[in-house]
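Numbering (full-length UniProt numbering), first residue to last: 464 to 773.
Below: the structure, in structure tokens.
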Ligand code: ADP
Ligand code: MG
């Protein structure tokens, strides 16, 4: 790439809110054949909302007091220590219901899984099934089905996931205490961007730590057919490497702290400018306004610039 054409290309990008860090990034972007999108905060707004609280076990309705409020208060207290977007949704949900948060001891976060801590003298866990259930040692359900969550709880989780919502389980002292559901809406522009990418001959993939059912529902809404779900944060860059074995020119679009290694591993990393600094640093291209349409601008501009050079 000649310095002049690179300058013109990157200059034009900057005017359009697409920061292309150097000529190599421009060149790599022009060769993208597969583009991988993170889900939360990239395809979705990343501002999830608590949409359902189902108290279970000792907290199941009928106990007189507002059992749902009691368990949500414990869960939200715990999540107030976490920095995860799902945690913020649970905390906002509790505040909206007028619940006051309590202090937390012995807080622990397990990336890609959930959090644990002691609230009001009781050990509380919140997170995905794989994280919360093993605590129950064989009798995982409120009703005691072995090794699995009770049928109706499982149905409730599946139902939420099929709608593209993320189901979370809460346990108190090792017993399932509530099913929470968190909804994060798809960015309006996502389906259009995916369609245009496919028209450009680019394969589009979703990569997420969220469960497969939720991921597939959100992907379907966006028009994405290939989904890699349930990927632990430290495995996202390995997932990119695996795609690089199969396809030349693998790009990654992401926003979160979990995405930084994947952005770095990809042939071109595109960071949402609204994301956190680590991602912005790891990206070769930064979409300044966090607008997903910037992906199209970046690819079209890079193709045009590189075509000009040759
Ligand atoms: P993503 O790839 O969508 O950004 P993460 O890898 O950060 O997702 O998290 C994967 C899953 O781990 C979440 O969908 C959730 O089930 C669980 N999880 C992680 N942290 C938390 C938390 N603080 N509270 C509840 N669940 C959590
Ligand atoms: Mg994310």
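We treat Cβ as the ideally placed atom computed from N, Cα and C, and that holds for glycine.
Model, not experiment: these values are computed from the prediction.
TODO: Classify residue 524 as helix, strand or coil using the three-state DSSP reduction.
DONE: coil
Task: Beta-carbon proximity check, residue 774 vs residue 687, cutoff 8 Å - done: Coverage of the chain is limited to positions 464 through 773, which leaves residue 774 absent and any answer about it impossible.
Task: CA-to-CA distance, residue 495 to residue 488, given in whole angstroms - done: 11 Å
TODO: Have a look at the DSSP bridge pairing and note the partners of residue 454.
DONE: The first residue shown for the chain is 464 and the last is 773, placing residue 454 beyond what the model contains.
- [ ] Could you tell me whether any non-hydrogen atom of ligand 1 is closer than 7 Å to the CB of residue 493?
- [x] no
TODO: Output the distance between the C-alpha atoms of residue 493 and residue 766, rounded to the nearest integer angstrom.
DONE: 5 Å
Open item on the list: Counting C-beta neighbours from all protein chains within 10 Å, is the total for residue 752 16 or more, i.e. buried, or is it exposed?
Closed with: exposed
Open item on the list: By alpha-carbon positions, which one of 612, 679, 644, 617 ends up nearest to residue 637?
Closed with: 612
Task: Length of the line joining the Cα atoms of residue 729 and residue 580 - done: 36 Å
Open item on the list: For residue 564, report the span of its beta strand (DSSP E) as first-last.
Closed with: Element bounds for residue 564: n/a, residue is neither H nor E.
Open item on the list: Tell me whether residue 672, by its Cβ, gets closer than 7 Å to a heavy atom of ligand 1.
Closed with: yes
Open item on the list: Which runs of the alpha helix (DSSP H) at least 4 residues long sit entirely within the stretch 616-689? Give them in chain order.
Closed with: 653-662, 675-685
Task: The alpha helix (DSSP H) enclosing residue 478, as first and last residue numbers - done: 466-478
- [ ] Buried or exposed for residue 409, please, with buried defined as at least 16 other CB atoms from any protein chain shown within 10 angstroms of its CB.
- [x] What is shown of the chain runs 464 to 773, which leaves residue 409 out entirely.
Open item on the list: Give me, in chain order, the residues of the same chain whose beta-carbon lies closer than 6 Å to that of residue 595; leave out the 5 immediate sequence neighbours on both sides.
Closed with: The residues 588, 632, 634, in chain order, have a CB closer than 6 Å to that of residue 595 in the same chain once the five nearest residues on each side in sequence are set aside.
TODO: Sort out for me which residues DSSP pairs residue 518 with in a bridge.
DONE: According to DSSP, which records beta bridges pairwise, residue 518 is partnered with 641.
Open item on the list: Assuming the contact rule is C-beta atoms closer than 8 Å, residue 668 and residue 499 should be a hit. Round their C-beta distance to whole Å, please.
Closed with: 5 Å
TODO: Inspect the beta-carbon positions of residue 593 and residue 520 and report whether they are closer than 8 Å.
DONE: no
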